[in-house]
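Following: one structure in structure tokens, then a few remarks.
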Amino acid sequence: MARASRLASIVLIMSITSIHAHCAHRLLALATRSVHVAGRL
13 MARASRLASI VLIMSITSIH AHCAHRLLAL ATRSVHVAGR L
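So the numbering used here is basically just the index in the sequence shown, starting at one, shifted up by 12.
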């Protein structure tokens, strides 16, 4: 039972990650850009 719930949570996390992968990539690029700007200051 615990193994099944763990597997279900892993599948859910993977699906959410795949759905938000593009958005997360844009967010990461924005974060790195802001870090570079903060480094200049």
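Ideal placement from N, C-alpha and C gives every residue a C-beta, glycine not left out. Quick caveat: nothing in here was measured; it's all calculated off a predicted structure.
Handout entry: Where residue 32 sits in the DSSP three-state scheme
Key = Per DSSP, reduced to three states, the secondary structure at residue 32 is coil, with no helix or strand assignment.
Problem - Distance, residue 41 Cα to residue 30 Cα - result: Looking at the two C-alpha atoms, the distance is approximately 17 angstroms.
Exercise for the section: Can you grab the Cα-Cα spacing for the pair residue 38 / residue 27, in whole Å? Expected result: Looking at the two C-alpha atoms, the distance is approximately 18 angstroms.
Practice task
Output the distance between the C-alpha atoms of residue 35 and residue 44, rounded to the nearest integer angstrom.
Solution key: Those two C-alpha atoms are separated by around 14 angstroms.
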